[in-house]
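So the protein sequences, as listed, match chains A and B. At position 77 of the first sequence (counting the first as 1) the number is 76 in numbering that gives the first Met the number 0, and the numbers step up by one without a gap. At position 79 of the second sequence (counting the first as 1) the number is 78 in numbering that gives the first Met the number 0, and the numbers step up by one without a gap.
There are 2 protein chains.
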Amino acid sequence: MKNLIVGQSGGPTAVINSSLFGVIREGMKQEKHIDHIYGMINGIEGFLKDRYMDLEKELTPEQLQCLRTTPGAFLGSCRYKLPEDLSDPVYPKLFQKFNALNIGYFFYIGGNDSMDTVSKLSRYAESHGESIRIVGIPKTIDNDLVLTDHTPGFGSAAKYVAASVAEIGIDASVYEAKSVTIIEIMGRHAGWLTAASVLARKFKEDNPVLIYLPEVPFCLENFMKDLEKAFTQRNNLVVCVSEGIHDKDGTFICEYAGEAGVDTFGHKMLTGCGKYLENYVKSHMNVKVRSVELNVNQRCSTFSQSLTDAKEASLAGSFAVSAALEGATGKMVSFVREEGPGYDLSCDLVDVNEVCNKEKPVPLNWITADGCDISDEFIAYALPLIQGNPAIPMKNGLPNYAYRK
Amino acid sequence: MKNLIVGQSGGPTAVINSSLFGVIREGMKQEKHIDHIYGMINGIEGFLKDRYMDLEKELTPEQLQCLRTTPGAFLGSCRYKLPEDLSDPVYPKLFQKFNALNIGYFFYIGGNDSMDTVSKLSRYAESHGESIRIVGIPKTIDNDLVLTDHTPGFGSAAKYVAASVAEIGIDASVYEAKSVTIIEIMGRHAGWLTAASVLARKFKEDNPVLIYLPEVPFCLENFMKDLEKAFTQRNNLVVCVSEGIHDKDGTFICEYAGEAGVDTFGHKMLTGCGKYLENYVKSHMNVKVRSVELNVNQRCSTFSQSLTDAKEASLAGSFAVSAALEGATGKMVSFVREEGPGYDLSCDLVDVNEVCNKEKPVPLNWITADGCDISDEFIAYALPLIQGNPAIPMKNGLPNYAYRK
């Protein structure tokens, strides 16, 4: 009988712990095949320093239950890139540690870079006759992994973005005076999350009136024209921009500000594109302007967790365990959306080497021709992913988060 | 039989519409005494332009139900200050309009400035023999109104702050590397909301490790020392600052940045104190630093609405109507917390002239002597106000907000 080890890597999401929950639950179910269920603390990086825990023994039933609605990464995370050269001594060191712990199954929950780790470890295992099975479980709010319909973490972040944008729109509409509110949303290279802001729109002329993704070059002059046109429709405008919008030369709009902004002590002031655009519009239009950076709460809000997303994240975790037991290795769990009128999702496996170090942008035909709005195809794609609210265990008026002290 | 009119004024909150709901519901109950229930659109300012609606006729039962969990100001708001001089022609103009609509009861939901409106209108009515009864219903996330235990709107904003700070703390703790996360929270003059961040702390050494309110002068030098001391306890530090922190000379910390920050086009870059402190710590300490401005979502989040706050906001609205029917005028509804071990609240009336244009700061003995933490007395005060989650009507995966198109 072999043991199982699981780790978390990269930026956290609202449901990365749901995937961890799925791995633990399935691991406990498979007690005939799996003995201990270990968790690496701070991913591969921590494991190399012998930091791990026995999840079955050390987690209380209450902690296990709370894990499902706790954001962040319960096990801690890392941004550790394994060397390209598979003859590097870190590999035998790692596998020695795996073998010392009698590990038969290795799971890594993460995004692009984490799948790179899964790829390297599985290639090393294959070429060195190591029998350990290595499977990746996708996670990223950015939704930019290829070969999967979407990624766990995106639905909850999209729901946070849509609800927050709707509420900021409500807040912005209470006064009669003309105003522009610019909302900066995460996503440096892919605009999936920013696109989700369209879900906040309740009727045709409703906010957000303008949406800009990094998939289309951004032009300040066109932006001002878009605003003027939008002002003919309504007095308070909400504009959503991806943090990664850039001009046709590839220069990020946030860099426009960073080049020259200095504070009283001469220190360079770094700000985002939202703040830059706020100042730009302020100095070009005689209207009230403000900017809101949704910031890290996008990826860690419990209250706006999507039940669909949480369930799918857990499913991805348990599917990975069953698949590994059936022999899968060098794979990533993927989501397949079945054709048809309803929303029907199933899990599959894809070659992890085909996933890592690639990025999936929003299809250009899901962005309107004028470059400042999102098409109905995206809405049909994204709407099922934000459905349902999980029951949140509460304590002292706040979500009862699971945590390692 | 007389009619009722209600308006909303000042910045919106998550539960200002619960108070509106309370007014409408009580008004409908009192059908023997109240005929029409009117709502001013954009407060006094809109009413002066004859903008109002019949809330009983024009609101569908679904809208009325959704009102309870819709943030913002359903009727629209204004920031309109009535002239100090009660012989100004705007007063007879207003009362002419009231009388034309056969208004017997006037309710204004708002903060400090709105109570100034209530004060002036009731003083004018008294001195001019107008029989209309005028009552204020408190609302402000800032919790800075005097003569009331707390204000509707504070509990939900406090819950948003506490939950968000806890989640940012979880997010910040996933990596091992030393880091500082600075969270900027609303409150220019009073630190109530920033103080609520202490509710996020799950155990003694937990984040937020440092909390700075505007009630105590802020000193950059001490701040750096506080950080260094905190780093001896843990690697990732979450620091909460009120937007209104200022030095001993009264200069806002956010002004330190605004004095010199300019972008590539020479435009002045305005940023908050959080961003300023981020840049300051970055240039003085070799650790990862980021800042998060919680921004407008603090006052308009549906998902983190406190059920206690929503119920009390509604109660304040219905109490105002009953009180006016019993003869009250020139009053504001206040909250009285009963002495004793449990949390027991009742409504009372206070002289609105004693409320307007005053501010209630956080008591200095609720701030620790070192000026960077909050005492247990505050926790005992604030904890009951964030309890309970309302059932949120949902539509397409998002809260079903009530809105005027």
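We treat Cβ as the ideally placed atom computed from N, Cα and C, and that holds for glycine.
Collapsed DSSP secondary structure at residue i in the structure displayed
i, result
"B:L384", "helix"
"A:R24", "helix"
"A:N101", "coil"
"B:G45", "helix"
"B:R403", "coil"
"A:V349", "strand"
"B:P360", "coil"
"A:A259", "Residue placement at A:A259 is flagged as unreliable, the pLDDT there being 44, under the threshold of 50; the coordinate-derived value follows with that caveat. Reduced to three states, the DSSP call for A:A259 is coil."
"A:L219", "helix"
"A:Y159", "helix"
"A:M52", "strand"
"A:P151", "coil"
"B:L397", "strand"
"B:I33", "strand"
"B:Y79", "coil"
"A:I391", "coil"
"A:K92", "helix"
"B:S118", "helix"
"A:D225", "helix"
"B:K406", "The shown model of chain B, from 0 to 404, leaves out residue 406 of chain B, and the question about it has no answer."
"B:N234", "coil"
"B:H281", "Rather than His, the amino acid found at residue 281 of chain B in this sequence is Lys. Looking at B:K281 - three-state DSSP - the assignment turns out to be helix."
Spatially closest choice to residue i from the options, by CA coordinates
i, options, result
"A:P91", "A:H283, A:C346, A:R122", "A:R122"
"A:L47", "A:Q62, A:P60, A:K394, A:K96", "A:K96"
"B:R336", "B:S17, B:Q7, B:D148", "B:D148"
"A:E353", "A:D112, A:L384, A:E292", "A:D112"
"B:Y79", "B:D350, B:S163, B:N41", "B:N41"
"A:E358", "A:D375, A:V145, A:V288, A:Y51", "A:V145"
"B:D53", "B:S18, B:N2, B:S76", "B:N2"
"A:N296", "A:V288, A:K158, A:L19", "A:K158"
"B:F217", "B:A199, B:E55, B:N395, B:C253", "B:C253"
"B:G110", "B:P60, B:A256, B:S118", "B:S118"
"B:V179", "B:L198, B:E57, B:A229, B:R187", "B:A229"
"A:S345", "A:N364, A:P70, A:T328, A:A312", "A:A312"
"B:F416", "B:C65, B:V286, B:S86, B:C239", "Nothing can be reported for residue 416 of chain B: it is not among the residues displayed for chain B, which extend from 0 to 404."
"A:C77", "B:D49, B:A171, B:G243", "B:A171"
"A:T328", "A:F73, A:L314, A:D347", "A:D347"
"B:T307", "B:F334, B:M284, B:L324", "B:F334"
"A:H188", "A:V332, A:F222, A:D141", "A:D141"
"A:F318", "A:Q7, A:M0, A:S8, A:K28", "A:K28"
"B:P88", "B:L74, B:A72, B:L120, B:K177", "B:L120"
"A:Y275", "A:G249, A:M284, A:G71, A:S290", "A:S290"
"A:A72", "A:S17, A:H32, A:I366", "A:S17"
"A:G243", "A:Y37, A:I182, A:R67", "A:I182"
"B:Y51", "B:L74, B:P340, B:Q232, B:E61", "B:L74"
"B:L293", "B:K247, B:V238, B:Y279", "B:V238"
"B:G186", "B:M0, B:A156, B:A162", "B:A156"
Residues bridged to residue i (per DSSP)
i, result
"B:C239", "B:I182, B:I210"
"A:S290", "A:I181"
"B:V5", "B:G38, B:F106"
"A:V134", "A:F106, A:K330"
"A:I366", "A:I373"
"A:F251", "A:H245"
"A:T12", "A:G71"
inquiry  = My parser needs the beta strand (DSSP E) runs of 3 or more residues fully inside the segment 299-346 of chain A; what are they?
reply    = 330-336
message = So, does the segment 146-161 of chain A touch the segment 7-15 of chain A, judging by three or more C-beta pairs under 8 Å?
response = Yes: at least three Cβ pairs fall under 8 Å.
query = Taking contact to mean at least 3 C-beta pairs separated by less than 8 Å, is the segment 43-62 of chain A in contact with the segment 74-89 of chain A?
reply = Taking a cut-off of 8 Å for Cβ pairs, the segment 43-62 of chain A and the segment 74-89 of chain A touch, as three or more such pairs fall below it.
task = Would you be able to state if there are at least three C-beta pairs under 8 Å between the segment 206-215 of chain A and the segment 365-379 of chain A?
result = The segment 365-379 of chain A makes contact with the segment 206-215 of chain A; the number of CB pairs closer than 8 Å reaches 3 or more.
task = Please determine if the segment 99-116 of chain A and the segment 129-144 of chain A are in contact, where contact requires at least 3 C-beta pairs separated by less than 8 Å.
result = yes
inquiry  = Counting beta carbon pairs with one atom in the segment 291-310 of chain B and one in the segment 157-173 of chain A, are three or more of them shorter than 8 Å?
reply    = yes
ask   = So, do the segment 123-134 of chain A and the segment 16-29 of chain A have three or more beta carbon pairs nearer to each other than 8 Å?
value = no
request  = Determine, using beta-carbon pairs with one atom in the segment 359-367 of chain B and one in the segment 187-198 of chain B, whether at least three such pairs fall under 8 Å.
outcome  = yes
query = When the Cβ atoms of the segment 380-389 of chain B are set against those of the segment 57-64 of chain B, are three or more pairs found closer than 8 Å?
reply = no
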